[in-house]
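S.K.: Below is the structure I would like to discuss, written out as C-alpha cells.
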Amino acid sequence: MRLLSLNYVPHQEFVLPAHDSSQVWRLVIGILLVAGIFFLLTQVIMTTFLGLLGPEITEKILEDGQTGETVVGMFLVLFQIGLLGVATGIVCVFLHKRKAITLIGPLRLAVRQFIGVALALLVLSLTLWMLPPYGFDEPLVQNMNKGDWLMLLPFAVIAVIVQSGSEEVFFRGYIQQQLAARFRKSFVWLVLPAVLFGLGHYMPDSAGSNALTIALWATVFGLLMADLTARSGTLGPAIAVHFFNNFSAIVLVGIPDEMSGLALFVLPFGMSDEGQMALWLPVDFALIVVGWLVARLVVRA
Numbered sequence: 004m005r006l007l008s009l010n011y012v013p014h015q016e017f018v019l020p021a022h023d024s025s026q027v028w029r030l031v032i033g034i035l036l037v038a039g040i041f042f043l044l045t046q047v048i049m050t051t052f053l054g055l056l057g058p059e060i061t062e063k064i065l066e067d068g069q070t071g072e073t074v075v076g077m078f079l080v081l082f083q084i085g086l087l088g089v090a091t092g093i094v095c096v097f098l099h100k101r102k103a104i105t106l107i108g109p110l111r112l113a114v115r116q117f118i119g120v121a122l123a124l125l126v127l128s129l130t131l132w133m134l135p136p137y138g139f140d141e142p143l144v145q146n147m148n149k150g151d152w153l154m155l156l157p158f159a160v161i162a163v164i165v166q167s168g169s170e171e172v173f174f175r176g177y178i179q180q181q182l183a184a185r186f187r188k189s190f191v192w193l194v195l196p197a198v199l200f201g202l203g204h205y206m207p208d209s210a211g212s213n214a215l216t217i218a219l220w221a222t223v224f225g226l227l228m229a230d231l232t233a234r235s236g237t238l239g240p241a242i243a244v245h246f247f248n249n250f251s252a253i254v255l256v257g258i259p260d261e262m263s264g265l266a267l268f269v270l271p272f273g274m275s276d277e278g279q280m281a282l283w284l285p286v287d288f289a290l291i292v293v294g295w296l297v298a299r300l301v302v303r304a
C-alpha cells in the first residue's frame, strides 16, 4: 500500500549538507552546545530586558513564565523556546561549518510545502471546529474576551510558528540530519530524535498518571514528523503540522491550569483531573494522525 511505503528519496538531498561533519562525537558535542547556548541566551536576554523593568515586575513575569497562565507568561514561554532554534543555527555554522538554512532544506520548496499543508490543515480545522463536542459533559469555557483574543491573534500566530519551527529545526533538522548522514538504517534517525522529543514532554509533576501516555504521544508525533520530513525533503510540512497542533492546544482551546494565557477557550477540566484528561488524550492523538495523513496527501508522498 502507498500509505505504508517508505518513499524517503527526498530525504537524501535534505541530509546531503550534513555528510561532511557527520561524526557521532560532533553531534553529541553539538547537542550539549545547543543546550548551553540556549541557557546562556535565555539568561542574557532575561537579565538585559527584564532587568530594565524593575525587580517586582520582573519577578511577576518570571513567575507567569513558569505556568504560561497569563498572556505575557505564554509569550515568554513561546519566544524562549524560539531561542532553541537560534542556538541550533549557531552550532550548525560554527561546529559543522555549514549554513543554518540547510537545517530546513531547500527554502523555496519548504515555504511552498508549508503553505500547501497549512491551507489543507486550516480547512480540516474549520471542519472539525463545526463538529459536535467530543463527548464532553460540560461545554468549553471561554478564557478570553474575543476582542482581546483577535487583537493578540497575529502575535500569537508568530509566537507559535517560532516555537514549533524551532523545535522542528532542532529535532528533525539538526539531530535527524546528522544521524541520517552517519547511519543508513532509517530506524536510527527516525526513532532517536522522536524518543528525545518524547522525553522532553515527560512531566509527571503536572500530568500525574497521564505523564507516560503524553510522553508516548509526543514520541509518536516525533516519529510522524520525522517520516513527513523524510518524504518531503524539507521541514516545511512538519512545521505546518506542528504549528497547527500547537495552535489548537495553545491559542484555540487550552488547558485551564497551565499554558492557557493565549487560549480563547479552555477545556472544562485540567491536568489535575487525570480521569477526564485520559479520555481526551486519544482524541488528541487521533487529530495528530489525521493531520499527518493530510500533510502526506498534500506532498503526495
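So that you can map any letter, position 225 of the sequence shown is 228 in our numbering, and since no number is skipped, the others follow by simple counting.
Glycine included, C-beta positions come from ideal geometry on N, C-alpha and C.
Closest by CA to Q181, which one among A214, C95, F82, L86?
M.R.: Translated into positions along the sequence shown, residue 181 becomes position 178. When only C-alpha atoms are compared, the closest one is C95.
S.K.: For L106, tell me which candidate among L202, R234, F17 has the shortest Cα-Cα distance.
M.R.: Taking the sequence shown and counting its residues from 1, the one referred to as residue 106 is at position 103. The shortest Cα separation from L106 among L202, R234, F17 belongs to F17.
S.K.: Could you tell me the boundaries of the alpha helix (DSSP H) in which R185 lies?
M.R.: In the sequence shown, counting from the first residue as 1, residue 185 sits at position 182. It spans 179 to 185 - the alpha helix (DSSP H) in which R185 sits, taken as one unbroken run.
S.K.: Starting from the C-beta of F268, find all residues in its chain whose C-beta is less than 8 Å away, skip the five residues before and the five after it, and write them out in chain order.
M.R.: In the sequence shown, residue 268 corresponds to position 265, counting from 1. Correct list, in chain order: L143, V144, Q145, N146, L255, V256, G257.
S.K.: Measuring only the C-alpha atoms, how far is L35 from L65?
M.R.: Sequence index remark: in the sequence shown, residue 35 carries index 32 (1-based). Sequence index remark: in the sequence shown, residue 65 carries index 62 (1-based). Cα to Cα, L35 sits roughly 25 Å from L65.
S.K.: So what's E171 in DSSP terms, helix, strand or just coil?
M.R.: Here residue 171 is taken as the residue at index 168 of the sequence shown, counted from 1. Helix.
S.K.: Roughly how many angstroms lie between the CA atoms of W192 and F186, to the nearest whole one?
M.R.: Translated into positions along the sequence shown, residue 192 becomes position 189. Translated into positions along the sequence shown, residue 186 becomes position 183. Cα-Cα distance, rounded: 7 Å.
S.K.: Check for me: the alpha helix (DSSP H) holding M262 runs from which residue to which?
M.R.: For this step, residue 262 is matched to residue 259 along the sequence shown. Segment: none, M262 is in no alpha helix (DSSP H) and carries neither H nor E.
S.K.: Do you know whose CA, among A218, N249, Y205, I93, lies nearest G33's CA?
M.R.: Counting from one through the sequence shown, the residue named residue 33 turns up at place 30. That would be I93, whose Cα lies nearest to the Cα of G33.
S.K.: In three-state DSSP terms, what is G257?
M.R.: By one-based count along the sequence shown, residue 257 stands at place 254. Here G257 sits in strand by DSSP.
S.K.: By alpha-carbon positions, which one of N213, L87, F224 ends up nearest to L195?
M.R.: As a position in the sequence shown, residue 195 is number 192, starting the count at 1. If we check each option's Cα against that of L195, F224 comes out closest.
S.K.: In whole angstroms, give me the CA-to-CA distance for A159 and N249.
M.R.: To locate residue 159, count along the sequence shown from 1; it is residue 156. To locate residue 249, count along the sequence shown from 1; it is residue 246. Each residue's alpha carbon lies about 11 Å from the other.
S.K.: Cα separation between A197 and L215?
M.R.: On the sequence shown, position 194 is the one that residue 197 refers to. On the sequence shown, position 212 is the one that residue 215 refers to. Approximately 14 Å between the Cα atoms of the pair.
S.K.: Going by the CB atoms, is the gap between L227 and A113 shorter than 9 Å?
M.R.: For the purposes of this step, residue 113 is taken as the residue at position 110 of the sequence shown. For the purposes of this step, residue 227 is taken as the residue at position 224 of the sequence shown. No, they are not a contact pair.
S.K.: Starting from Q145, follow its DSSP beta bridges and name the residues at the other end.
M.R.: As a working note, residue 145 is residue 142 in the sequence shown. Its beta-bridge partners are F268.
S.K.: Check whether the stretch 42 to 53 and the stretch 258 to 278 touch, using three or more Cβ-Cβ pairs below 8 Å as the test.
M.R.: Touching, no.
S.K.: If I follow the unbroken alpha helix (DSSP H) through I107, where does it start and stop?
M.R.: Working through the sequence shown from its first residue, we reach residue 107 at position 104. No alpha helix (DSSP H) contains I107, which DSSP labels as neither H nor E.
S.K.: Please determine if the stretch 109 to 129 and the stretch 197 to 214 are in contact, where contact requires at least 3 C-beta pairs separated by less than 8 Å.
M.R.: They do not touch, by the three-pair rule.
S.K.: Within the continuous alpha helix (DSSP H) that includes T232, where are the two ends?
M.R.: Stepping through the sequence shown from its first residue, residue 232 is reached at position 229. Per DSSP, T232 belongs to the alpha helix (DSSP H) from 214 to 235.
S.K.: Can you tell me where the alpha helix (DSSP H) with N249 in it begins and where it stops?
M.R.: Translated into the one-based positions of the sequence shown, residue 249 becomes position 246. Its alpha helix (DSSP H) spans residues 239 to 250.
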